[in-house]
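Below: one structure, written as structure tokens.
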Amino acid sequence: MQYDLPLWRPPSEGRSLILQATLGCSHNRCTFCHMYVGKRFRVRPWDDLLADMDSAARRHPHTRKVFLADGDPMALGASRLVDIATELRQRLPALERISTYATPQNLLRKSPRQLRRIREAGLELLYFGVESGDPQVLRRVQKGATPDQIVKAAGRAHEAGFRLSCTVLLGLAGREGSLRHARQTAELLSRIDPAFASALSIMIPEPDEGRDYPLREVPVDTPWREMRPLELVAELRELVAGLECTDTVFRSNHASNYLPIGGRLPREKGAMLALMDQVLDSASEDLLRPEWMRGL
Ligand code: SF4
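Spelled out as structure tokens, the structure:
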């Protein structure tokens, strides 16, 4: 397999075969995201993809899960995505799941019929960055989509039969905007009603001499750095309290978070709230993940 670094994947794809269908991110403007700052977006040549798939079939013939990287292979045309899924399924007979990242923009650019074709070809799970339900926050971080556009894109994906795994970012609105960010994000997630939802916490990477890609310049007016660990837990509590999902697995076990929680909504909402109340009532950071253990 030929990999163009850096290479990112969701934590739950840790055991998946990763195939880079595209490189970088066609949007590449979100101010909190450093993943592809140093990569120009491009589509990988078809022959390179076929060579990688042949190599995967030889070396990992029992592969059950494939994750398509980098930031948004859904920017590809429907026919190319159908071809990739079809070729993968032909080469990997044990394949159970193909997943990828998706942005609201690249879902909205496809028609319901195109999305159905992609789904029927075998692409099944989409990691969908929601980040915030607060329109002001989305505008400030240059997400490139409004809450209504995010809901519309998610609805199209659901109608085509995809499962969605939505991510939101704690701390994105800073201390002053925290309550509003939590409540509006809960409202947006409830409207989407995804199969999976997870909360991450904003992290600003430290400058690192050894890093081979540049960091995005953080705007000077950013409020991100202001929040203390317990304030982020309070924001997480407000978010979970506001979730009205019908059947969603919710997690905050990402390495960026201070308090990993998880459960199925709505059934385990009370237990998750009780755990967070216990931590908040203690007013102690001793129960939280120590700073040195947070990372990406
Ligand atoms: S769309 Fe996703 S990968 Fe692209 S810049 Fe935004 S957060 Fe990063």
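So that you can map any letter, position 292 of the sequence shown is 291 in the numbering used here, and since no number is skipped, the others follow by simple counting. Note that beta-carbon positions come from the ideal geometry of N, C-alpha and C, so glycine has one too.
Could you give the DSSP three-state label for residue i: helix, strand or coil?
i	result
L87	helix
E12	helix
R41	strand
V248	strand
I17	strand
A77	helix
R227	coil
R182	helix
K304	There is simply no residue 304 to check, as the chain begins at 0 and stops at 295 in what is shown.
G128	strand
I97	strand
With a threshold of 7 Å, establish whether the CB of residue i neighbours any heavy atom of ligand 1.
i	result
Y35	yes
T221	no
G70	yes
H253	no
N105	no
H61	no
T166	no
T247	no
I28	Going by the sequence as given, residue 28 is Arg instead of Ile. True, at least one ligand heavy atom lies under 7 Å from that Cβ.
G170	no
T102	yes
C244	no
G128	yes
Please classify residue i as buried or exposed, where buried requires at least 16 neighbouring CB atoms within 10 angstroms.
i	result
E234	buried
E12	buried
W223	buried
S98	buried
A120	buried
E130	buried
L4	exposed
T85	exposed
M292	exposed
A198	buried
message: With a threshold of 8 Å, are at least 3 pairs of Cβ atoms found where one atom belongs to the region 156–166 and the other to the region 132–146?
response: Result no; under three Cβ-Cβ pairs closer than 8 Å.
query: Is the region 109–119 touching the region 63–77 in the sense that three or more CB pairs, one from each, lie closer than 8 Å?
result: The answer is yes - the region 109–119 touches the region 63–77, with three or more Cβ pairs under 8 Å.
message: For the region 0–15 against the region 46–58, do three or more pairs of beta-carbon atoms, one drawn from each stretch, fall closer than 8 Å, so that the two count as touching?
response: Yes, since at least three Cβ pairs between the region 0–15 and the region 46–58 fall closer than 8 Å, the two stretches touch.
message: Whether or not the region 91–105 and the region 31–41 are in contact is what I'm after, with contact meaning three or more pairs of Cβ atoms, one per stretch, closer than 8 Å; do they touch?
response: Flag = no, the region 31–41 and the region 91–105 do not touch.
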